[in-house]
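Working notes for the structure below.
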Amino acid sequence: MATALVIENDPTDDARRLGEWLTEAGLELWVVRPHAGDELPADLEGYAALVVLGGDQQAYPLPDGSPGAQWFPAVEGLLRKAVRYRVPTLAVCLGAQLLATAHAGLVERSPSGPEIGPGVVGRRDAAEGDPLFRYVPLIPDVLQWHADEITELPRGATLLAASTRYPHQAFRLGDRAWGLQFHIECDAAMIADWATDSAQLAELGYDPELVVAACASVLPDIEEVWQPFAARFAALALGELDDSTMRRGLPLLGH
Numbered sequence: 584m585a586t587a588l589v590i591e592n593d594p595t596d597d598a599r600r601l602g603e604w605l606t607e608a609g610l611e612l613w614v615v616r617p618h619a620g621d622e623l624p625a626d627l628e629g630y631a632a633l634v635v636l637g638g639d640q641q642a643y644p645l646p647d648g649s650p651g652a653q654w655f656p657a658v659e660g661l662l663r664k665a666v667r668y669r670v671p672t673l674a675v676c677l678g679a680q681l682l683a684t685a686h687a688g689l690v691e692r693s694p695s696g697p698e699i700g701p702g703v704v705g706r707r708d709a710a711e712g713d714p715l716f717r718y719v720p721l722i723p724d725v726l727q728w729h730a731d732e733i734t735e736l737p738r739g740a741t742l743l744a745a746s747t748r749y750p751h752q753a754f755r756l757g758d759r760a761w762g763l764q765f766h767i768e769c770d771a772a773m774i775a776d777w778a779t780d781s782a783q784l785a786e787l788g789y790d791p792e793l794v795v796a797a798c799a800s801v802l803p804d805i806e807e808v809w810q811p812f813a814a815r816f817a818a819l820a821l822g823e824l825d826d827s828t829m830r831r832g833l834p835l836l837g838h
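Just so we're aligned, residue 584 is where the sequence shown starts under our numbering, counting upward by one.
Following this line, the structure appears as structure tokens:
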């Protein structure tokens, strides 16, 4: 069975529903938890895919110049190798920000303030030629929970989804690496954990119970769109999705 390396950066943001969708689609998951002391592999040899999850850390350096987490340079190294060697990659929220910074993109504290709760993003025209996004609706439901944003995409990235306040919601690097600023992995319990004593909710003046209820109400709509998306990603990793037509028209980073 093909195995995906899953990097869990924060114990509060595990693979959850995304992990279930990927295993249902035929991928085995090997979860590495560097926050708990697990060692990251030096390369992606033997892995059919790479998944990098979110977290409460920041993708840019701390004021003293150190990384947002001590293992982030290693994660960025794996992300660069994944793009260079065309390993199917899915990076979510913080993971997407690390995918950007690993390729000279820019991530900063968002001047628009935190973005939290259910929302929608708009699919861009470029998504029509993308093997994963071409079947996503024009305005899909998503869940947001971030205070940082990707303010500059890496050179050569293809923007696939945007919103008014946060223009870089989804992008692709090369032909097999995708970054999603929004969350698709959450269930109601995960959102409830995030909402407990949340400084971001307090900053926005949001009622935690109302936020959790609003998020829970859109979970069926999110599953309707993003479960098939995850299944297409798994099919790509398993060699069951033909992306050769799209690939012929794309510049491949690192080549």
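A virtual CB, placed ideally from N, CA and C, is assigned to each residue, including glycine.
Just verifying my parser: in three-state terms, what is the DSSP assignment at residue i?
{"i": "residue 794", "result": "helix"}
{"i": "residue 706", "result": "strand"}
{"i": "residue 640", "result": "coil"}
{"i": "residue 604", "result": "helix"}
{"i": "residue 766", "result": "strand"}
{"i": "residue 590", "result": "strand"}
{"i": "residue 529", "result": "Residue coverage of the chain in this structure runs from 584 to 838, which leaves residue 529 outside it and unanswerable."}
{"i": "residue 756", "result": "strand"}
{"i": "residue 618", "result": "helix"}
{"i": "residue 700", "result": "strand"}
{"i": "residue 690", "result": "strand"}
{"i": "residue 735", "result": "strand"}
{"i": "residue 838", "result": "For residue 838, the pLDDT reaches just 33, beneath the cut-off of 50, and the residue's location in the model is therefore unreliable, although a value from the coordinates is still provided. Here residue 838 sits in coil by DSSP."}
{"i": "residue 627", "result": "coil"}
{"i": "residue 761", "result": "strand"}
{"i": "residue 685", "result": "coil"}
{"i": "residue 632", "result": "strand"}
{"i": "residue 663", "result": "helix"}
{"i": "residue 776", "result": "helix"}
{"i": "residue 718", "result": "helix"}
{"i": "residue 748", "result": "coil"}
{"i": "residue 822", "result": "coil"}
{"i": "residue 804", "result": "helix"}
{"i": "residue 811", "result": "helix"}
{"i": "residue 799", "result": "helix"}
{"i": "residue 585", "result": "coil"}
{"i": "residue 598", "result": "coil"}
{"i": "residue 712", "result": "helix"}
Can you find the residues in the same chain that come closer than 7 Å, C-beta to C-beta, to residue i, ignoring five residues on each side of it along the sequence?
{"i": "residue 641", "result": "651, 731"}
{"i": "residue 708", "result": "none"}
{"i": "residue 784", "result": "699, 778, 791, 794"}
{"i": "residue 741", "result": "709, 754, 755"}
{"i": "residue 681", "result": "635, 642, 655, 658, 659, 662, 674"}
{"i": "residue 804", "result": "724"}
{"i": "residue 808", "result": "719, 720, 723, 724"}
{"i": "residue 601", "result": "767, 768, 813"}
Assuming residue i is part of the beta strand (DSSP E), what are its boundary residues?
{"i": "residue 613", "result": "611-615"}
{"i": "residue 724", "result": "724-729"}
Under 8 Å, Cβ to Cβ, is there at least one residue of chain B near residue i?
{"i": "residue 783", "result": "In summary, chain B is missing from the structure at hand, where a single protein chain is found."}
For the alpha helix (DSSP H) holding residue i, just list the boundary residues, first then last.
{"i": "residue 745", "result": "Residue 745 -> not in any alpha helix (DSSP H); beta strand (DSSP E) instead, spanning 741-745."}
{"i": "residue 654", "result": "No alpha helix (DSSP H) contains residue 654, which DSSP labels as neither H nor E."}
{"i": "residue 786", "result": "782-787"}
Apart from the five residues just before and just after residue i, which ones in its own chain have a Cβ nearer than 6 Å to its Cβ?
{"i": "residue 753", "result": "743, 744, 763"}
{"i": "residue 811", "result": "none"}
Closer than 8 Å by C-beta to residue i: which residues in its own chain qualify, once you throw out the five before and the five after it? Chain order, please.
{"i": "residue 610", "result": "584, 585, 586, 587, 631, 632, 817, 820, 821"}
{"i": "residue 798", "result": "700, 701, 726, 769, 771, 774"}
Segment contact, 8 Å Cβ cut-off, at least three pairs: the stretch 675-695 with the stretch 735-751: yes
Stretch-stretch touch, CB-based, cutoff 8 Å, three pairs: the stretch 652-663 with the stretch 708-718: no
Touch test, the stretch 606-615 against the stretch 775-794, Cβ-Cβ under 8 Å, three pairs minimum: no
The stretch 666-674 / the stretch 752-765 touching (three or more Cβ pairs under 8 Å): yes
Inter-stretch contact at 8 Å, needing at least 3 Cβ pairs: the stretch 586-595 / the stretch 624-638: Short answer: they touch.
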